[in-house]
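What follows is a set of notes on a single structure, which appears directly below.
Chains as they are written, first to last, in the numbering used here: chain D, 60 to 402; chain C, 44 to 372.
Shown next as structure tokens:
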């Protein structure tokens, strides 16, 4: 049915082509819509899954790390709660614990989970001596005043220990590579590091034991009495300076133990303590000074916030988040989650 | 009479110093000594007079340095005015911290100053631009070099910098003496001695602490601008760092924080020692000079809580006597 006129012929062809084009376009649009919807649903599902795993994985590692944070902060909280002094060198004692563990491993080939008891004892002795020799005399002298000079003393100690460690051990990060360092278990797409799990469990167990000691034993009661009212405790025949020394000894034993356990999956370098000191302050204020459950819960909160927010923002801001929590708590509830309104 | 003569002699000696010795290394060290004396004296208005220990003062120095330098780069504002702007911003920042923390007692304030300082440091380090201004994150800022232009606080030699920081320090010392002998000074020392007792006597504790806080932050920020103009480079890790803040505190404590000239003495003792140790042993024993700082701080707190100015004989005795006279009345 071709026409004679080439022009009309052309126009028909054009029309035909146009028709085909429109049909194809319509089909495409239709399919595009359907495909788009399907794809959108798929991406949504996929995204939710990713979100879940993106959340669940850091949640778990945050909780595992948070347990250790809580344990470390518990040591600081004990010292803070009983003596009302701020130990700035807390993280540096942790650093010493970690280095001791590395030394025990590399020289005597003792596994950290065995040397943990030895190092705990060593640090216990160090804490007792440290309190008797240095802190108690200052506390005696400045009974009437708020012990700000102890804060500065421990800040000096922090600088001293950091740089002595740099002198002796050098600035390079050190670690322990044992057979179990990189062991993982897989649970439903979630990867859990075995040493972290063990360290978390041990931290919780040790905290529980110490909690029982402080709430049940006579010595623990005496310590709490000193923290509540020094004068009254003194009248009951409690030697407050003895209790201070004991608190410092336990506090340092805790960081010794925590440091040894941390060294199984953490690098150690001279300034590592600062990270943990700042975290511990945040946790102690968050959980409430002197409260053990508060310290553990605060540790878990800080651990989770840190690792979850690192998923969604640059890791530098994750650190800012922790300080923002700290400032927020100071503004809203300075006594902390479990603290008593004392001041 | 003797005191006036001594003070005059010291003033003349310090002012005449560049005329006698003019080696660049010597002047550089002298400028750093006087700079740290200035920063320490500024810190001491809050830490020594009001007894509120802040470990976040490096944040104020950083605010001062960044404000004046950014204003110079983008607005063409001379650092002479930029330093005032930086001081005011730092002061407002300090008032904010004070609002949050002065309801609480000492330790909380110290902890939160650290937190605020750390937040600011991380913020500057992590951002390449702040409010549209290029701050180049961790790379730091380079102050645009203009050569010998006193109108933008840049000089050819080191001597003008020396006189500038000496004048600034002199003004802070005069201000400290003025505050100490004014009603505000008495109220601040009452707050330092016993906050609750002062409050129960009707002293508006928070307001006076805020006043000291603002003044101290303002002066520290001025010092930050000077530091930026002198070094011509701002390293955010250094100027916002906890170490920098600790240095002011250390110097004030070691010199004697309750005496007006304590921080100056501390700077004149500590800065040269650490400079020499760093120069001589820094290569073979890294970190030794900081370890010495720490050990000195511990020893001073243990054995001489009043600082070195107390036992340091005549001059120290005279100033301490004056302090005693003011604090007992």
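Beta carbons: idealized from backbone N, C-alpha and C, even for Gly.
Note down the Cα distance separating residue 395(D) from residue 310(D), rounded to an integer number of angstroms. Here residue 395(D) refers to the residue found at position 336 when the first chain is read from its first residue. Here residue 310(D) refers to the residue found at position 251 when the first chain is read from its first residue. So the alpha carbons of these two residues sit roughly 20 Å apart.
Which residues in the same chain as residue 65(D) place their Cβ atom closer than 8 Å to its Cβ, once the five residues preceding and following it in sequence are excluded? Walking along the first chain from the start, residue 65(D) turns up at place 6. Confidence at residue 65(D) is low in this model, with a pLDDT of 49, below 50, so its placement is unreliable and no value can be given for it.
Can you tell me whether residue 402(D) is buried or exposed? The criterion is at least 16 other CB atoms within 10 Å of its CB, across all chains shown. The residue labelled residue 402(D) in the question sits at position 343 within the first chain. Note that residue 402(D) scores 41 on pLDDT, short of 50, meaning its location in the model is unreliable; the coordinates nonetheless yield the value given after this. Exposed is the call here.
Suppose you measure from the CA of residue 94(C) to the CA of residue 342(C); what does that come to, to the nearest Å? Counting from one through the second chain, the residue named residue 94(C) turns up at place 51. Counting from one through the second chain, the residue named residue 342(C) turns up at place 299. When rounded, the separation of the alpha-carbon atoms in residue 94(C) and residue 342(C) is 21 Å.
Excluding sequence positions up to five away, which residues of its chain have a Cβ less than 7 Å from the Cβ of residue 370(C)? The count along the second chain starts at 1 and reaches residue 370(C) at position 327. Residue confidence is low: residue 370(C) scores 48 on pLDDT, short of 50, so the model does not pin down where it sits. Its coordinate-derived value is still stated next. Cβ neighbours of residue 370(C) beyond the five flanking positions: 232.
Sort 232(D), 280(D), 270(D) by Cα distance to residue 329(D) and report the nearest one. Reading the first chain from its first residue, position 270 is the one you call residue 329(D). Looking at the Cα atoms, 232(D) is the closest of the given residues.
Could you check where the beta strand (DSSP E) with residue 251(D) kicks off and where it finishes? Position 192 of the first chain holds residue 251(D). Here the beta strand (DSSP E) through residue 251(D) covers 249 to 252.
Own chain, CB closer than 8 Å to residue 190(C), minus 5 neighbours either side, in chain order: Residue mapping note: residue 190(C) aligns to position 147 of the second chain, counting from 1. Exclusion of the five residues before and after residue 190(C) leaves 197, 199 as the residues of its chain whose Cβ lies within less than 8 Å of its Cβ.
Can you check whether the CB of residue 113(D) is closer than 7 Å to the CB of residue 249(D)? Against the first chain, residue 249(D) aligns to sequence position 190. Against the first chain, residue 113(D) aligns to sequence position 54. No; because the gap between Cβ atoms is not below 7 Å, this pair is not in contact.
Residue 165(C) and residue 378(D): beta carbons closer than 7 Å? The residue labelled residue 165(C) in the question sits at position 122 within the second chain. The residue labelled residue 378(D) in the question sits at position 319 within the first chain. With a cutoff of 7 Å on beta-carbon distance, residue 165(C) and residue 378(D) are scored as near each other.
Which whole-angstrom value is the C-beta distance of residue 315(D) and residue 179(D), which I expect to be below 8 Å? Taking the first residue of the first chain as position 1, residue 315(D) is located at position 256. Taking the first residue of the first chain as position 1, residue 179(D) is located at position 120. Residue 315(D) to residue 179(D), Cβ: 5 Å. Contact.
Under the assumption that residue 338(C) contacts residue 297(C) (Cβ atoms under 8 Å), give the Cβ distance between them as a whole number of angstroms. Here residue 338(C) is taken as the residue at index 295 of the second chain, counted from 1. Here residue 297(C) is taken as the residue at index 254 of the second chain, counted from 1. Contact flag wrong, Cβ pair sits at about 11 Å.
So if DSSP puts residue 177(C) in a beta bridge, which residue, or which two residues, is it bridged to? For the purposes of this step, residue 177(C) is identified with residue 134 of the second chain, where counting begins at 1. As computed with DSSP, residue 177(C) is found in a beta bridge with 172(C).
Take the Cβ of residue 117(C) as the centre, count every other Cβ of all protein chains shown within 10 Å, and call the residue buried at 16 or more, exposed below. One-based indexing of the second chain puts residue 117(C) at position 74. Exposed is the label assigned to residue 117(C), since fewer than 16 other Cβ atoms lie within 10 Å of its Cβ.
So for residue 245(D), helix, strand or coil by DSSP? On the first chain, residue 245(D) is found 186 positions in, with the first residue counted as 1. Residue state, collapsed to three classes: strand.
For chain C, find out if any of its Cβ atoms is closer than 7 Å to the Cβ of residue 339(D); answer yes or no. For the purposes of this step, residue 339(D) is taken as residue 280 along the first chain, with counting starting at 1. No, because no Cβ of chain C sits closer than 7 Å to the Cβ of residue 339(D).
Verify the CB distance criterion: does residue 80(C) have a CB-CB separation below 7 Å to chain A? In the structure shown, chain A does not exist; the protein chains are D and C.
Just the Cα atoms here: how many angstroms apart are residue 61(C) and residue 70(C)? Taking the second chain and counting its residues from 1, the one referred to as residue 61(C) is at position 18. Taking the second chain and counting its residues from 1, the one referred to as residue 70(C) is at position 27. Approximately 7 Å between the Cα atoms of the pair.
What in chain C is Cβ-close to residue 393(D), meaning under 8 Å? Here the question's residue 393(D) lines up with position 334 in the first chain. Taking the beta carbon of residue 393(D) as reference, the chain C residues within 8 Å of it are 146, 147, 151, listed in sequence order.
Using the Cα positions of residue 366(D) and residue 262(D), report the straight-line distance between them to the nearest angstrom. As a working mapping, residue 366(D) is identified with position 307 in the first chain. As a working mapping, residue 262(D) is identified with position 203 in the first chain. Using only the alpha carbons, I get a separation of about 19 Å.
According to the neighbour-count rule (16 or more other Cβ atoms, all chains shown, within 10 Å of its Cβ), is residue 82(C) buried or exposed? Residue 82(C) sits at position 39 when you count from the first residue of the second chain. Around the beta carbon of residue 82(C), a 10 Å sphere encloses 16 or more other beta carbons of the protein chains shown; the residue is thus reported as buried.
Residues near residue 234(D) by beta carbon distance below 6 Å, same chain, minus five either side: Working through the first chain from its first residue, we reach residue 234(D) at position 175. Beyond the five residues adjoining it in sequence on each side, residue 234(D) comes within less than 6 Å, by CB distance, of 326 in the same chain, given in chain order.
What residues from chain C crowd round residue 386(D), counting only those whose CB sits closer than 8 Å? Numbered from 1 along the first chain, position 327 holds the residue referred to as residue 386(D). For residue 386(D), the C-beta contacts it makes with chain C under 8 Å involve 143, 155, 158, 159, 162, in order along the chain.
Tell me the DSSP bridge mates of residue 192(C)? Sequence index remark: in the second chain, residue 192(C) carries index 149 (1-based). Answer is 197(C).
For residue 265(D), would you say it is in contact with chain C, using Cβ-to-Cβ distances shorter than 7 Å as the test? For the purposes of this step, residue 265(D) is taken as the residue at position 206 of the first chain. Not an interface residue.
Any idea if residue 384(D) is buried or exposed, counting beta-carbon neighbours within 10 angstroms, 16 or more meaning buried? Looking up residue 384(D) in the first chain gives position 325. A residue is called buried once 16 or more other Cβ atoms fall within 10 Å of its Cβ, and residue 384(D) is buried on that count.
Nearest residue (CA-CA) to residue 315(C), options 56(C), 227(C), 299(C), 68(C): Within the second chain, the letter at position 272 stands for residue 315(C). Closest option to residue 315(C), Cα to Cα, is 68(C).
Whole-angstrom distance between residue 130(C) and residue 212(C), CA atom to CA atom: Here residue 212(C) is taken as the residue at index 169 of the second chain, counted from 1. Here residue 130(C) is taken as the residue at index 87 of the second chain, counted from 1. Per the coordinates, the alpha-carbon of residue 212(C) lies some 16 Å from the alpha-carbon of residue 130(C).
Which residue's Cα is closest to the Cα of residue 136(C): 155(C), 188(C), 121(C)? If you number the second chain from 1, residue 136(C) lands on position 93. Taking only the C-alpha atoms, the option nearest residue 136(C) is 155(C).
Host alpha helix (DSSP H) of residue 325(C) (start-end): Along the second chain, one-based indexing puts residue 325(C) at 282. No alpha helix (DSSP H) contains residue 325(C), which DSSP labels as neither H nor E.
With a threshold of 7 Å between beta-carbons, can residue 333(C) be considered close to chain D, or not? Translated into the one-based positions of the second chain, residue 333(C) becomes position 290. Output row for residue 333(C): interface = yes.
Taking three-plus beta-carbon pairs below 8 Å as touching, is the region 249 to 260 of chain D in contact with the region 117 to 124 of chain D? They touch, by the three-pair rule.
Cβ neighbours of residue 139(D) in the same chain (closer than 8 Å, five flanking residues each side left out): Translated into the one-based positions of the first chain, residue 139(D) becomes position 80. Excluding residues within five positions, the ones whose Cβ falls inside 8 Å are 145, 146, 343, 348, 349.
Figure out for me which residue from 168(C), 139(C), 237(C), 45(C) has the closest Cα to the Cα of residue 373(D). Indexing the first chain from 1 puts residue 373(D) at position 314. The shortest C-alpha separation from residue 373(D) is found at 168(C).
For residue 100(C), count neighbouring C-beta atoms within 10 Å of its own C-beta (all shown protein chains included) and say buried if the count is 16 or more, exposed if not. Within the second chain, the letter at position 57 stands for residue 100(C). Residue 100(C) should be labelled buried.
Give the DSSP-derived three-state secondary structure of residue 211(C) in the structure shown. Translated into positions along the second chain, residue 211(C) becomes position 168. Residue state, collapsed to three classes: helix.
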